[in-house]
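Asker: When you read off a place in the sequence shown, starting at 1, and then add 7, the result is the number in my numbering.
Here a beta-carbon is modelled for each residue, glycine too, at the ideal position from N, C-alpha and C.
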Amino acid sequence: ILMQNWDIALEELNRVKETIDSKNFSSPMNQVQSRIWLMHWSLFIFFNHDNGRTQIIDLFNQDKYLNAIQTNAPHLLRYLATAFIVNKRRRPQFKEFIKVIQQEQYSHEDPITEFLACIYVNYDF
Numbered sequence: 008i009l010m011q012n013w014d015i016a017l018e019e020l021n022r023v024k025e026t027i028d029s030k031n032f033s034s035p036m037n038q039v040q041s042r043i044w045l046m047h048w049s050l051f052i053f054f055n056h057d058n059g060r061t062q063i064i065d066l067f068n069q070d071k072y073l074n075a076i077q078t079n080a081p082h083l084l085r086y087l088a089t090a091f092i093v094n095k096r097r098r099p100q101f102k103e104f105i106k107v108i109q110q111e112q113y114s115h116e117d118p119i120t121e122f123l124a125c126i127y128v129n130y131d132f
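So this is what it looks like as structure tokens:
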């Protein structure tokens with residue numbers, strides 16, 4: 008990361024992800040917390056890597072990671088929303104993401120997710 012070699016940073020991030028997903032944790036909550044930390048750490052890499060906006064969608068949209076976001080880190084939805092906004096190739100997944108925003112409106116709002124909810128849920132453009 009310090010050398011701004013995003014390809015190597017992404018490879019290392021994927022290794023950490025594989026370790027978290029394959030390791031037996033003492034409790035499921037510890038594994039969820041590890042996934043949340045991984046997602047936080049990954050933001051800098053994803054938003055600097057050439058293909059990062061696509062890969063953040065792939066990672067954050069996996070059921071186990073999306074469940075972790077909804078459970079303990081709904082503020083990460085804004086980064087996923089931003090990735091969807093700048094990535095036009097992911098429209099089918101975007102519709103599913105709008106449903107997630109709609110579900111999470113009661114517990115978390117920020118300007119980006121609120122904007123998407125207004126456009127796609129309240130006014131259905």
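Sorted by chain position, which residues of the same chain lie with C-beta nearer than 6 angstroms to Y127's C-beta, five sequence neighbours on each side aside?
Answerer: By 1-based counting over the sequence shown, the position of residue 127 is 120. Correct list, in chain order: I105.
Asker: Indicate the three-state DSSP secondary structure (helix, strand or coil) for A80 in the structure shown.
Answerer: Position 73 of the sequence shown, counted from the start, is the residue given in the question as residue 80. Coil.
Asker: So is V93 buried or exposed if we call it buried at 16+ other beta carbons inside 10 Å?
Answerer: Locating residue 93 in the sequence shown gives position 86, counting from the first residue. Its Cβ having fewer than 16 others within 10 Å, V93 is exposed.
Asker: Do Y86 and L50 count as a contact pair if the criterion is CB distance below 8 angstroms?
Answerer: What you label residue 50 is simply residue 43 of the sequence shown in a count that begins at 1. What you label residue 86 is simply residue 79 of the sequence shown in a count that begins at 1. Yes. Within cutoff.
Asker: Using 10 angstroms around the beta-carbon of F53, count the other beta-carbons present and answer buried if the total reaches 16, otherwise exposed.
Answerer: By one-based count along the sequence shown, residue 53 stands at place 46. Flag for F53 reads buried.
Asker: Could you say which of D28, R98, S114 and K95 lies nearest to A80 if we only look at CA atoms?
Answerer: Here the question's residue 80 lines up with position 73 in the sequence shown. The shortest C-alpha separation from A80 is found at S114.
Asker: Applying the criterion that 16 or more other CB atoms from any shown protein chain within 10 Å of the CB defines a buried residue, is F122 buried or exposed?
Answerer: To locate residue 122, count along the sequence shown from 1; it is residue 115. So F122 ends up on the exposed side.
Asker: Could you pull the start and end residues of the alpha helix (DSSP H) that K106 belongs to?
Answerer: Position 99 of the sequence shown holds residue 106. R98 to E111 is the extent of the alpha helix (DSSP H) around K106.
Asker: How many Å lie between H47 and R98 at the Cα?
Answerer: In the sequence shown, counting from the first residue as 1, residue 47 sits at position 40. In the sequence shown, counting from the first residue as 1, residue 98 sits at position 91. Each residue's Cα considered, the two are about 24 angstroms apart.
Asker: Please confirm if the segment 61-76 is in contact with the segment 34-47, defined as three or more CB-CB distances below 8 angstroms between the two stretches.
Answerer: With the cut-off at 8 angstroms, the segment 61-76 and the segment 34-47 touch.
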